[in-house]
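Here's the structure we're looking at; comments come further down.
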Amino acid sequence: MGIKKLLSLFCVLAVFVGVLSGCSSSTSSESKTKRSSANETLTFAQSSDISLLDPHLTKTGYDTNVTASVFETLLKFDENGKVCSSLAKSWNVSSNGLLYNFEIREGVTFHDGEKLDAAVVKKNVDRMLVGVNSSSSKYPYASSIFGSVEEVKIVGDFRVEFVMKQIDADFLTKLAMHSGFAIISPKALDAHANDEKGVTSNPIGTGPFVFRKHTKDQSVELERNDKYWGKKAEVMFLNFKIIKDPVTRVSSLCNGEIDIASEVTLESKQKVESSGCNFVMSPALMASWLIFNVENGSIFANKEVRIAAARSMNVKGAVESLYKDSANVASGFLPEGIGGFSKDLKPFEFDPESSKKKFEELGIKKIALSCYTSSKPYNPVGADLGSSIAGDLRAAGVEVELINREWLAHAGALNEKKFEAAFYGWMADYPTASNFFPMFESGSAMNKIGYSSEEFERLFSKAKTELDEEKRNKIYEEMNRLLTKTDVVCVPISNGKYINATRANVKGFVRPPFGGMNFSKVSKV
177 MGIKKLLSLF CVLAVFVGVL SGCSSSTSSE SKTKRSSANE TLTFAQSSDI
227 SLLDPHLTKT GYDTNVTASV FETLLKFDEN GKVCSSLAKS WNVSSNGLLY
277 NFEIREGVTF HDGEKLDAAV VKKNVDRMLV GVNSSSSKYP YASSIFGSVE
327 EVKIVGDFRV EFVMKQIDAD FLTKLAMHSG FAIISPKALD AHANDEKGVT
377 SNPIGTGPFV FRKHTKDQSV ELERNDKYWG KKAEVMFLNF KIIKDPVTRV
427 SSLCNGEIDI ASEVTLESKQ KVESSGCNFV MSPALMASWL IFNVENGSIF
477 ANKEVRIAAA RSMNVKGAVE SLYKDSANVA SGFLPEGIGG FSKDLKPFEF
527 DPESSKKKFE ELGIKKIALS CYTSSKPYNP VGADLGSSIA GDLRAAGVEV
577 ELINREWLAH AGALNEKKFE AAFYGWMADY PTASNFFPMF ESGSAMNKIG
627 YSSEEFERLF SKAKTELDEE KRNKIYEEMN RLLTKTDVVC VPISNGKYIN
677 ATRANVKGFV RPPFGGMNFS KVSKV
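Numbering (my numbering), first residue to last: 177 to 701.
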């Protein structure tokens with residue numbers, strides 16, 4: 177399925193759930209009355225707590241769920257996935273693709289009263305430029321977004337110019353994604369210049385909601401920004417409730433304790449619908465894999481071990497039994513709907529006997545398998561996936577140390593490369609393959625497996641500067657094959673769908689196939 181068809185389905189879904197529905201806004205003087213009104217508080221439940229609410233540092237979709245309502249980007253995606261204006265009112269690109277000029281929207285204020293202008297934009301970009309092309313950068317998206325930027329210049333009170341070192345075919349698209357970069361109040365940046373988590377304790381943006389409170393492992397509370405420059409949010413209060421267990425999330429929904437439950441399982445469909453709630457499966461650009469630590473010293477530094485492990489896994493059986501019709505068996509590293517996806521990239525043939533012989537030949541007796549216990553959109557069954565694959569490896573004659581961690585601890589172990597083989601996945605921040613590949617790019621803070629390949633770097637560099645989309649997608653296909661068939665640095669598992677559930681009175685909630693969620697259009701009737 178191509179991206180255009182996927183977005184078409186998304187648009188149909190948007191109409192179905194009432195994306196254009198709304199209710200009248202209220203003034204801030206009525207806050208006390210509205211706080212007690214159930215219809216003025218929208219509660220969204222997710223499986224994991226936030227880690228950082230600094231949009232330059234965020235590393236998980238759970239962070240982005242919140243930051244996308246507090247902060248805004250220079251550009252954004254419309255309902256068809258097309259880049260359109262946001263804090264940047266307009267823009268133009270030079271004919272050689274090396275100069276980008278943006279007109280910044282006037283009259284926009286941050287939640288702390290600071291004014292948005294060109295100098296503020298430059299201050300935010302310069303903060304991330306420090307981390308470009310550094311594997312030790314604390315900004316995970318710095319290289320991906322700004323790796324081709326030489327500098328940003330102020331060319332007017334409300335005009336900034338990006339000077340590029342080289343063409344970046346996806347630069348505008350990257351500036352529209354919420355994960356990795358948004359505009360922070362200059363006062364907040366100055367106040368927390370030497371405190372990595374300072375912005376998280378008091379995140380200040382220009383968005384439709386204002387941060388109020390974070391209670392660890394319980395909730396994040398936001399309030400409507402009644403001074404917002406655009407259309408004000410439909411509800412007065414937006415709360416994110418942390419409910420780790422998917423069964424408890426569904427029960428809370430059915431009992432009326434929450435309004436929207438994310439990462440819902442197929443097994444809960446009957447309970448959701450019998451309680452009068454809506455069970456919604458929607459198209460998504462996401463993928464799940466088993467990734468290998470290929471650094472020297474790891475048993476998976478040897479490609480023969482990686483191939484043996486891949487052949488021992490009954491991926492098709494696991495996907496069909498665990499996910500049923502909520503996911504497809506992956507064909508390669510990229511999800512269907514992304515340019516570079518290829519149905520020809522079939523999984524390795526399931527052959528446990530040949531794997532057993534190879535493990536014996538190589539002297540592999542034990543494998544450590546790192547898993548996350550939380551349900552994820554690309555893996556709603558959590559640790560059950562690890563148990564299934566661990567069973568396959570044991571059947572191939574190796575002892576398996578199954579390491580189960582909550583998501584944040586699991587992600588921390590991956591960031592520090594403290595694993596041998598680990599389950600991982602990705603939900604697209606924007607709809608092109610360049611969003612997925614930086615996790616294998618040498619020198620990138622997103623590279624968790626220690627992979628370094630001259631051929632991969634050559635192909636990625638070529639793709640980034642190729643303006644012809646068809647030619648660029650052909651390069652992405654080569655990269656896809658390199659990762660999964662030639663170098664075998666990961667085992668593709670599944671491409672899933674988003675599964676959410678809402679109370680019947682919730683109108684306007686849409687889960688886009690990529691990017692952050694827009695809660696400002698959601699109402700309760």
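Using N, Cα and C, we set each Cβ at its ideal position, and we do this for glycine too. Here the structure is a predicted model, which is why all the values come from computation and not from measurement.
Legend entry - Own chain residues within Cβ distance below 8 Å of Phe-476, not counting five before or after: Sequence index remark: in the sequence shown, residue 476 carries index 300 (1-based). Sequence-distant partners of Phe-476 (beyond 5 residues in either direction) whose C-beta falls short of 8 Å from its own C-beta, in its chain, are Phe-468, Asn-469, Val-470, Arg-482, Ala-485, Glu-596, Ala-597.
Inset, instruction - Please name the residue in Lys-683, Thr-441, Phe-636 whose C-alpha comes closest to that of Ser-618. - result: Within the sequence shown, residue 618 is the residue found at index 442, counting from 1. Across the set Lys-683, Thr-441, Phe-636, the C-alpha of Phe-636 shows the shortest separation from the C-alpha of Ser-618.
Inset, instruction - Below 8 Å on the Cβ atoms is my guess for Leu-545 versus Ile-565; work out the distance and round it to an integer in Å. - result: On the sequence shown, position 369 is the one that residue 545 refers to. On the sequence shown, position 389 is the one that residue 565 refers to. The Cβ separation is near 7 Å, so the contact holds.
Legend entry - Chain-order list of residues whose beta-carbon lies under 6 Å from that of Tyr-674 (same chain, five-residue window excluded): In the sequence shown, the residue the question calls residue 674 occupies position 498. Excluding residues within five positions, the ones whose Cβ falls inside 6 Å are Ser-458, Ala-460, Pro-553, Arg-687.
Inset, instruction - Could you tell me whether the region 373 to 384 touches the region 241 to 253, using the rule of 3 or more Cβ pairs below 8 Å? - result: Three or more Cβ pairs closer than 8 Å define a contact, and the region 373 to 384 meets that threshold against the region 241 to 253.
Legend entry - Sequence-distant residues of its chain with Cβ nearer than 7 Å to Thr-219 (five each side left out): Sequence index remark: in the sequence shown, residue 219 carries index 43 (1-based). For Thr-219, where only same-chain residues beyond five positions count, the Cβ hits under 7 Å are Asn-415, Lys-417, Ile-434, Asp-435.
Inset, instruction - Please say whether Lys-392 and Asp-225 have beta carbons closer to each other than 8 Å? - result: Taking the sequence shown and counting its residues from 1, the one referred to as residue 225 is at position 49. Taking the sequence shown and counting its residues from 1, the one referred to as residue 392 is at position 216. The Cβ atoms of Asp-225 and Lys-392 lie closer than 8 Å to each other.
Legend entry - Nearest residue (CA-CA) to Val-574, options Asn-591, Gly-539, Ser-550, Glu-592: Residue 574 sits at position 398 when you count from the first residue of the sequence shown. The candidate whose alpha carbon is nearest that of Val-574 is Gly-539.
Legend entry - Buried or exposed by the 16-neighbour rule on C-beta atoms within 10 Å, applied to Cys-430: Looking up residue 430 in the sequence shown gives position 254. Note on Cys-430: 16 or more other CB atoms within 10 angstroms of its CB, so buried under the neighbour-count rule.
Inset, instruction - Kindly indicate which three-state DSSP category Met-693 falls into: helix, strand or coil? - result: Taking the sequence shown and counting its residues from 1, the one referred to as residue 693 is at position 517. Of the three classes helix, strand and coil, the one that applies to Met-693 here is coil, per DSSP.
Legend entry - Contact belief for Ile-359 with Val-297 at Cβ below 8 Å, rounded distance in angstroms: Along the sequence shown, one-based indexing puts residue 359 at 183. Along the sequence shown, one-based indexing puts residue 297 at 121. Confirmed, about 6 Å.
Inset, instruction - Locate the alpha helix (DSSP H) running through Ala-295, then write down its first and last residues. - result: On the sequence shown, residue 295 is found 119 positions in, with the first residue counted as 1. In the DSSP annotation of this structure, the continuous segment of the alpha helix (DSSP H) that includes Ala-295 starts and ends at 294 to 305.
Inset, instruction - Report the residue from Leu-305, Thr-662, Asn-555, Leu-466 whose alpha carbon sits nearest the alpha carbon of Ile-321. - result: Looking up residue 321 in the sequence shown gives position 145. With distances taken between Cα atoms, Ile-321 lies closest to Leu-305.
Inset, instruction - With a threshold of 7 Å, establish whether the CB of His-287 neighbours any heavy atom of the ligand HEM. - result: The ligand HEM is absent from the structure shown, which contains no ligand whatsoever.
Legend entry - Segment limits, alpha helix (DSSP H) that includes Pro-362: Residue 362 sits at position 186 when you count from the first residue of the sequence shown. Looking at the DSSP string, the run of the alpha helix (DSSP H) that includes Pro-362 is 362 to 367.
Legend entry - Three-state secondary structure (DSSP) of Val-682: Taking the sequence shown and counting its residues from 1, the one referred to as residue 682 is at position 506. Correct three-state label for Val-682: strand.
Inset, instruction - Tell me, please, whether the region 575 to 583 touches the region 611 to 627 by the rule of three or more beta-carbon pairs shorter than 8 Å. - result: Note that the region 575 to 583 does not touch the region 611 to 627; fewer than 3 beta-carbon pairs, one per stretch, sit closer than 8 Å.
Legend entry - Leu-643 in three-state terms, based on DSSP: Translated into positions along the sequence shown, residue 643 becomes position 467. Reduced to three states, the DSSP call for Leu-643 is coil.
Inset, instruction - For Glu-206, collect the residues of the same chain with a Cβ closer than 7 Å to its Cβ; drop the 5 residues on either side in sequence, then sort them by chain order. - result: Along the sequence shown, read from residue 1 onward, the residue named residue 206 stands at position 30. With a pLDDT of 45 at Glu-206, under the threshold of 50, the modelled position of this residue cannot be trusted, and the question is left open.
Inset, instruction - Please report the residue range of the beta strand (DSSP E) in which Gly-332 lies. - result: Here residue 332 corresponds to residue number 156 of the sequence shown, with the count starting at 1. Its beta strand (DSSP E) spans residues 325 to 332.
Legend entry - Identity of the residue in Ser-530, Phe-509, Ala-264 nearest Asp-520 by Cα: One-based indexing of the sequence shown puts residue 520 at position 344. Closest option to Asp-520, Cα to Cα, is Phe-509.
Legend entry - Spatial distance of Asn-694 from Glu-630 (CA atoms): By one-based count along the sequence shown, residue 694 stands at place 518. By one-based count along the sequence shown, residue 630 stands at place 454. In this model, Asn-694 and Glu-630 are separated by some 40 Å (Cα to Cα).
Inset, instruction - Given a cut-off of 8 Å, decide if Val-375 and Leu-229 are closer than it, judged by their beta-carbon atoms. - result: As a first step, residue 229 is located in the sequence shown; it is residue number 53 there, counting from the start. As a first step, residue 375 is located in the sequence shown; it is residue number 199 there, counting from the start. Yes, they are a contact pair.
Legend entry - Bounding residues of the beta strand (DSSP E) (the contiguous stretch that carries Thr-424): Taking the sequence shown and counting its residues from 1, one reaches residue 424 at position 248. Thr-424 -> not in any beta strand (DSSP E); alpha helix (DSSP H) instead, spanning 422 to 430.
Inset, instruction - Can you have a look at Gln-222 and say buried or exposed, based on whether 16 or more other CB atoms are within 10 angstroms of its CB? - result: Numbered from its first residue, the sequence shown carries residue 222 at position 46. The Cβ neighbour count for Gln-222, taken over all protein chains shown within 10 Å, is at least 16; the residue is labelled buried.
Inset, instruction - For the region 361 to 368 and the region 286 to 296, state whether three or more C-beta atom pairs, one from each stretch, are separated by less than 8 Å. - result: Touching, per the Cβ criterion.
Inset, instruction - Taking only the alpha-carbon atoms, compute the straight-line gap between Lys-407 and Gly-283 and give it to the nearest angstrom. - result: What you label residue 407 is simply residue 231 of the sequence shown in a count that begins at 1. What you label residue 283 is simply residue 107 of the sequence shown in a count that begins at 1. About 14 Å.
Legend entry - Counterpart residues of Val-576 in DSSP-defined beta bridges: The residue given as residue 576 occupies position 400 in the sequence shown. According to DSSP, Val-576 bridges with Ile-543.
Inset, instruction - Determine the direct distance from the alpha carbon of Glu-512 to that of Tyr-627, and round the result to whole angstroms. - result: Looking up residue 627 in the sequence shown gives position 451. Looking up residue 512 in the sequence shown gives position 336. The alpha-carbon of Tyr-627 is positioned some 24 Å away from that of Glu-512.
Inset, instruction - Kindly indicate which residue of Leu-348, Ser-261, Gly-356, Ala-559 has the alpha-carbon position closest to the one of Leu-703. - result: Because residue 703 is not part of the residues shown, which for the chain are 177 to 701, the question remains open.
Legend entry - Paired residues, beta bridge with Tyr-548 - DSSP: As a position in the sequence shown, residue 548 is number 372, starting the count at 1. BP columns for Tyr-548 point to Arg-581.
Inset, instruction - Reducing DSSP to helix, strand and coil, say where Pro-553 ends up. - result: Reading the sequence shown from its first residue, position 377 is the one you call residue 553. Three-state result, Pro-553: coil.
Legend entry - Cys-260 - partner residues in DSSP beta bridges: For the purposes of this step, residue 260 is taken as residue 84 along the sequence shown, with counting starting at 1. Residue pairing by DSSP places Cys-260 opposite Lys-252 in a beta bridge.
Legend entry - Straight-line gap, Lys-445 to Ser-227 (C-alpha atoms, nearest Å): Within the sequence shown, residue 445 is the residue found at index 269, counting from 1. Within the sequence shown, residue 227 is the residue found at index 51, counting from 1. Distance from the CA atom of Lys-445 to the CA atom of Ser-227, rounded to whole angstroms, is 30 Å.
Inset, instruction - Could you tell me the boundaries of the beta strand (DSSP E) in which Gln-222 lies? - result: Reading the sequence shown from its first residue, position 46 is the one you call residue 222. It spans 217 to 222 - the beta strand (DSSP E) in which Gln-222 sits, taken as one unbroken run.
Inset, instruction - Look at Met-489 and Trp-602 and say whether their C-beta atoms are less than 8 Å apart. - result: Here the question's residue 489 lines up with position 313 in the sequence shown. Here the question's residue 602 lines up with position 426 in the sequence shown. Met-489 is not a Cβ neighbour of Trp-602, given a cutoff of 8 Å.
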